[in-house]
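Colleague: Quick one: the structure is below, and I'll ask about it shortly.
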Amino acid sequence: MYVCLCNAVSDEAIRDAVRQYQPVSLQELKQIVPVGTKCGKCTCKARVIMEDELQII
Ligand code: FES
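Sequential numbering of the sequence shown, starting at 772, is according to the working numbering.
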């Protein structure tokens, strides 16, 4: 499922990036996969997925 429609980033792409690079913030995640770099509507969902993958929520 696409999380970021602007950049065609899927939830699985976000989970793969988090598992591989262990970003500690959304800012770091954005440097790995281009989520939230255009309209920004996906940032909340991307953060939830990142935190779920890091198991901090
Ligand atoms: Fe991700 Fe627009 S949906 S930047």
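By construction, the Cβ of each residue, glycine as well, lies at the ideal position given by its N, Cα and C atoms.
Only a predicted model underlies this, so the values are computations on that prediction, with no experimental measurement involved.
Within the present structure, is the beta-carbon of Cys810 separated from the nearest heavy atom of ligand 3 by less than 8 Å?
Modeller: For the structure depicted, ligand 3 is absent and the ligand set comprises only ligand 1.
Colleague: Is Val806 near ligand 1, in the sense that its beta carbon is under 8 Å from a heavy atom of that ligand?
Modeller: As a working note, residue 806 is residue 35 in the sequence shown. Taking 8 Å as the cut-off, the C-beta of Val806 counts as close to a heavy atom of ligand 1.
Colleague: For the beta strand (DSSP E) holding Val774, just list the boundary residues, first then last.
Modeller: Position 3 of the sequence shown, counted from the start, is the residue given in the question as residue 774. It spans Tyr773 to Cys775 - the beta strand (DSSP E) in which Val774 sits, taken as one unbroken run.
Colleague: Beta-carbon within less than 7 Å of Val774's beta-carbon, same chain only, minus the 5 sequence neighbours each way: which residues are those?
Modeller: Locating residue 774 in the sequence shown gives position 3, counting from the first residue. Taken in chain order, the residues that qualify are Val780, Ser781, Asp782, Ile785, Val806, Cys813, Lys816, Ala817 and Ile820.
Colleague: Closer than 7 Å by C-beta to Leu825: which residues in its own chain qualify, once you throw out the five before and the five after it? Chain order, please.
Modeller: As a working note, residue 825 is residue 54 in the sequence shown. For Leu825, where only same-chain residues beyond five positions count, the Cβ hits under 7 Å are Val789.
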